[in-house]
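In the order they appear, the protein sequences are chains A and B. Residues in the first sequence are numbered from 6 upward in steps of one, following the working numbering. Residues in the second sequence are numbered from 4 upward in steps of one, following the working numbering. Yeah, the Cβ is synthetic: ideal placement off N, Cα and C, and Gly gets one too. Nothing here was measured: the structure is a model prediction, and the numbers come from that model. So the structure is just underneath, and the comments pick up after that.
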Amino acid sequence: MQKVIQTHAKAADIFCRDESRVDWHSKALWVLREKRDRAASSLPEWETLRALGSQIKLHTLRELPSYLEAFEAKCLSQGVQVHWAKDGAEHNRIVHEILSRHGVKKLVKSKSMLTEECHLNPFLEGKGIEVIDTDLGERIIQLNHQPPSHIVVPAIHMKKEEVGDLFHEKLGTPKGESDPTRLTRAARAHLREQFLSADAAMTGVNMAVASEGAVIVCTNEGNADMGANLPKLQLHSMGIDKIVPDLDSAAVLLRMLARNATGQPITTYSSLYRTPKPGGEMHVIIVDNGRSDMMRDKLLGEALKCIRCGGCLNTCPVYRRSGGYSYGHTIPGPIGIAVGADEDSTHSSPWACTLCGSCSFVCPTKVPLDKIIFHRRRLYAERKSLPYGKSGYMPLVGRFMASPLLLDTGMAAARVALKILPHSLLKPMSGAWGKYRELPAAPGSSFEGWVKKNRPELLVKSKGEK
Amino acid sequence: MSKQAILEALKSSAMEKVAMPTIDIAPVTTDLKAYLAQSLATVAGRLEDGGMAALNARVEELMSGGNKVLSTLADIPGNHKGADDPHGLADVDFAVIKGEFAVAENGAVWVAETALSQRIAPFICENLLLVVEKDAIVANMHEAMTHLGKLDASLGFGVFIAGPSKTADIEQALVVGAHGACSLSLYLV
Numbered sequence: 006m007q008k009v010i011q012t013h014a015k016a017a018d019i020f021c022r023d024e025s026r027v028d029w030h031s032k033a034l035w036v037l038r039e040k041r042d043r044a045a046s047s048l049p050e051w052e053t054l055r056a057l058g059s060q061i062k063l064h065t066l067r068e069l070p071s072y073l074e075a076f077e078a079k080c081l082s083q084g085v086q087v088h089w090a091k092d093g094a095e096h097n098r099i100v101h102e103i104l105s106r107h108g109v110k111k112l113v114k115s116k117s118m119l120t121e122e123c124h125l126n127p128f129l130e131g132k133g134i135e136v137i138d139t140d141l142g143e144r145i146i147q148l149n150h151q152p153p154s155h156i157v158v159p160a161i162h163m164k165k166e167e168v169g170d171l172f173h174e175k176l177g178t179p180k181g182e183s184d185p186t187r188l189t190r191a192a193r194a195h196l197r198e199q200f201l202s203a204d205a206a207m208t209g210v211n212m213a214v215a216s217e218g219a220v221i222v223c224t225n226e227g228n229a230d231m232g233a234n235l236p237k238l239q240l241h242s243m244g245i246d247k248i249v250p251d252l253d254s255a256a257v258l259l260r261m262l263a264r265n266a267t268g269q270p271i272t273t274y275s276s277l278y279r280t281p282k283p284g285g286e287m288h289v290i291i292v293d294n295g296r297s298d299m300m301r302d303k304l305l306g307e308a309l310k311c312i313r314c315g316g317c318l319n320t321c322p323v324y325r326r327s328g329g330y331s332y333g334h335t336i337p338g339p340i341g342i343a344v345g346a347d348e349d350s351t352h353s354s355p356w357a358c359t360l361c362g363s364c365s366f367v368c369p370t371k372v373p374l375d376k377i378i379f380h381r382r383r384l385y386a387e388r389k390s391l392p393y394g395k396s397g398y399m400p401l402v403g404r405f406m407a408s409p410l411l412l413d414t415g416m417a418a419a420r421v422a423l424k425i426l427p428h429s430l431l432k433p434m435s436g437a438w439g440k441y442r443e444l445p446a447a448p449g450s451s452f453e454g455w456v457k458k459n460r461p462e463l464l465v466k467s468k469g470e471k
Numbered sequence: 004m005s006k007q008a009i010l011e012a013l014k015s016s017a018m019e020k021v022a023m024p025t026i027d028i029a030p031v032t033t034d035l036k037a038y039l040a041q042s043l044a045t046v047a048g049r050l051e052d053g054g055m056a057a058l059n060a061r062v063e064e065l066m067s068g069g070n071k072v073l074s075t076l077a078d079i080p081g082n083h084k085g086a087d088d089p090h091g092l093a094d095v096d097f098a099v100i101k102g103e104f105a106v107a108e109n110g111a112v113w114v115a116e117t118a119l120s121q122r123i124a125p126f127i128c129e130n131l132l133l134v135v136e137k138d139a140i141v142a143n144m145h146e147a148m149t150h151l152g153k154l155d156a157s158l159g160f161g162v163f164i165a166g167p168s169k170t171a172d173i174e175q176a177l178v179v180g181a182h183g184a185c186s187l188s189l190y191l192v
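Laid out in structure tokens, this is it:
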């Protein structure tokens with residue numbers, strides 16, 4: 006479990022100490038972004054799909070009560086048991102109750118950010134149930150006692166040599182083995198034993214289809230299906246925001262999910278579970294855990310359009326250069342700030358953003374991420390809970406920028422200072438900004454002065470409009 | 004109880020009413036077989052020519068090579084007798100399974116539970132041979148869902164399978180063969 010004790014900038018500092026790793030991390034993610042661009046541009050209807058995806062999600066979120074009830078009714082009629090949990094603690098209790106009723110000792114789990122959010126693994130382990138994460142990336146970080154650092158590629162921060170060392174220690178692979186294919190083969194053999202000996206399986210849910218009472222689960226590895234289809238008992242945890250009205254809406258999102266995540270046309274497996282297997286039991290747990298609260302704010306509510314493709318992480322210049330752990334939250338990156346800033350006790354995560362807007366630009370369902378992050382800053386300011394430091398100087402900056410006289414004099418003084426004062430005296434005053442940047446050469450005049458001299462007609466015009 | 008609490012909480016939603024959009028995307032009318040072949044290649048699958056005769060020959064060859072072949076097709080006899088318990092399929096080397104239709108835009112094949120004796124069959128086998136009728140190719144996922152909507156209402160499980168299982172979780176290196184099948188061949192018959 007992660008405990009937030011450091012601001013994003015402090016935690017990022019630790020990651021940034023190793024510059025070559027930062028470059029490597031950034032490049033690995035940018036490769037995904039490039040693949041995404043190629044996949045998106047291969048479909049002429051891409052922008053139409055994004056618009057549809059956004060509308061479908063907005064429509065569904067507004068009508069959630071009726072879709073959730075329709076989904077539940079259909080599930081029940083097909084022999085699926087449905088549970089409702091208002092928060093993570095209740096979700097964990099429900100899961101444990103089902104598992105203990107069946108005497109489950111070992112649970113195989115496929116990727117689910119929701120169960121991470123609820124801290125299910127440590128809860129079940131505390132009750133004596135062994136939990137095996139079965140997505141390769143998740144298994145790697147589970148063996149390494151770490152949370153995911155990315156929502157789609159959870160072990161993106163680890164180098165193959167580090168995975169090799171870990172597997173040597175935990176799975177007995179030869180020392181020094183770092184070939185991804187051979188390491189993956191070793192994990193396949195190890196996890197196959199786990200699948201075959203598990204008493205129950207749990208998966209997340211990519212989409213829950215209201216009209217069918219079905220859950221759709223997408224993986225590339227097949228781990229969700231290897232899990233769910235072997236033991237008698239299968240559980241699926243879903244946030245209330247995972248509902249889509251029908252199969253046609255699912256098609257729109259399925260066309261974008263993998264393309265926007267990794268550039269694949271679709272994940273290898275997109276499974277639709279509608280009834281328990283013969284002689285088996287199927288449970289769906291519907292979880293709120295703060296989602297209905299978010300929807301009280303129109304803009305924050307739009308974050309729930311997210312389909313968790315991870316595209317915004319891959320494109321984010323801050324995420325790529327600060328690593329997933331710097332956010333101190335289950336979900337890192339732009340979407341993590343959008344949905345999780347309330348849990349950040351340092352109140353710093355909304356500032357882990359340059360407001361460049363690249364995340365909003367690549368988002369398949371048009372979540373206005375940069376607007377939401379900016380809105381988060383405003384909410385902190387209104388609650389008077391700006392992070393340490395910002396609450397001190399930000400109001401002063403505001404007053405300074407609002408007064409033409411102060412701003413003009415201040416900037417004139419800065420221009421003079423840049424020209425005559427020694428670099429060693431000025432550089433420390435630039436703070437964190439100047440850490441990786443050189444001070445600018447002082448311009449000859451202010452921008453206003455330049456306009457007065459070179460484009461005076463603009464000034465006259467804007468005055469005339471007043 | 005929590006159900007009522009959640010539904011109650013959703014009443015104070017500030018989200019705006021948005022009408023459900025009409026999904027109307029014209030499918031491509033290009034050569035669907037060629038499009039499918041190209042998509043299948045990008046997901047590391049193989050499109051096999053030669054129809055039923057080629058499949059029969061392949062299965063014969065596999066069995067004489069000592070492989071355990073599970074077939075769920077009536078006219079392709081395998082040499083694995085199947086199992087009542089899904090765990091009993093753990094030693095299947097090759098599974099021959101009927102798919103309902105293939106999707107040209109992404110190489111995915113829809114496999115329905117009705118074609119399987121065990122849901123685990125297409126995942127637990129080491130290699131997968133999928134069989135789809137040559138006319139059963141749809142252009143995109145929208146058309147695929149229209150087909151699904153017409154399927155047997157009693158269908159409890161089905162899956163779109165696009166190529167063999169794969170992962171890129173170790174340094175983004177693509178490795179074919181994670182937990183599911185390590186290879187996938189599609190026979191159009």
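- Flagged as an interface residue toward chain B: residue 185 of chain A, by a C-beta distance shorter than 8 angstroms.
- By the 16-neighbour rule on beta-carbons within 10 angstroms, residue 256 of chain A is buried.
- Residue 38 of chain A and residue 28 of chain A have their C-alpha atoms some 15 angstroms from each other.
- DSSP lists B/98 and B/187 as the bridge partner or partners of residue 131 of chain B.
- Beta-bridge analysis with DSSP links residue 50 of chain B to B/189.
- Runs of alpha helix (DSSP H) with 4 or more residues, each lying fully within the segment 12 to 59 of chain B, are found at 35 to 45, listed in chain order.
- Within the same chain, Cβ atoms closer than 8 angstroms to the Cβ of residue 137 of chain B are found at 36, 54, 191 and 192, the five residues on either side in sequence being excluded.
- Of all residues in the segment 163 to 178 of chain B, only 163, 164, 165, 166, 167, 168, 169, 170, 171, 172, 173, 174, 175, 176 and 178 come within less than 8 angstroms of chain A when Cβ atoms are compared, listed by chain position.
- Following the DSSP letters along the chain, one finds residue 151 of chain A in no alpha helix (DSSP H), marked with neither H nor E.
- Residue-level contact by beta carbon holds for residue 16 of chain B and chain A, with a gap shorter than 8 angstroms.
- Interface with chain B (8 angstroms Cβ-Cβ cutoff): residue 91 of chain A is included.
- Using beta-carbon distances, residue 324 of chain A does not count as an interface residue toward chain B, since no partner is under 8 angstroms.
- Unbroken beta strand (DSSP E) stretches of 3 residues or longer found wholly inside the segment 314 to 383 of chain A: none.
- The DSSP assignment places 125 to 131 and 141 to 148 as complete runs of the alpha helix (DSSP H) inside the segment 122 to 163 of chain A, in order along the chain (cut-off: 4 residues).
- Rounded to the nearest whole angstrom, the CA to CA distance from residue 77 of chain A to residue 305 of chain A is 26 angstroms.
- Collapsing the DSSP output to three states places residue 181 of chain B in coil.
- Residue 310 of chain A and residue 370 of chain A do touch by the CB rule: their CB atoms are close to 4 angstroms apart, below 8 angstroms.
- With its beta carbon at least 8 angstroms from every one in chain B, residue 212 of chain A lies outside the interface.
- The three-state secondary structure of residue 152 of chain B, taken from DSSP, is helix.
- Taking a 10 Å sphere around the C-beta of residue 374 of chain A, we find 16 or more other C-beta atoms and assign the residue as buried.
- Looking at the DSSP output, residue 178 of chain A sits in no beta bridge, so it has no partner there.
- Think of a sphere of 8 angstroms around the beta carbon of residue 118 of chain A: no beta carbon from chain B falls inside it, the nearest being about 16 angstroms out.
- The shortest C-alpha to C-alpha distance from residue 199 of chain A to any of A/455, A/224, A/185 and A/235 is the one to A/235.
- With distances taken between CA atoms, residue 132 of chain B lies nearest to B/189 out of B/189, B/109 and B/96.
- A/167 is the residue among A/167, A/204, A/124 and A/129 whose C-alpha sits nearest the C-alpha of residue 142 of chain A.
- For residue 85 of chain B, the closest C-alpha among the options B/174, B/141 and B/121 is that of B/121.
- Contiguous beta strand (DSSP E) elements confined to the segment 173 to 238 of chain A occur at 205 to 208, 212 to 214 and 219 to 224, taking only those with 3 or more residues.
- Contact annotation for residue 95 of chain A against chain B: 5 [CB-CB distance below 7 angstroms, chain order].
- Put simply, the backbone Cα of residue 220 of chain A is about 6 angstroms away from that of residue 210 of chain A.
- In the three-state reduction of the DSSP assignment, residue 450 of chain A falls in the coil class.
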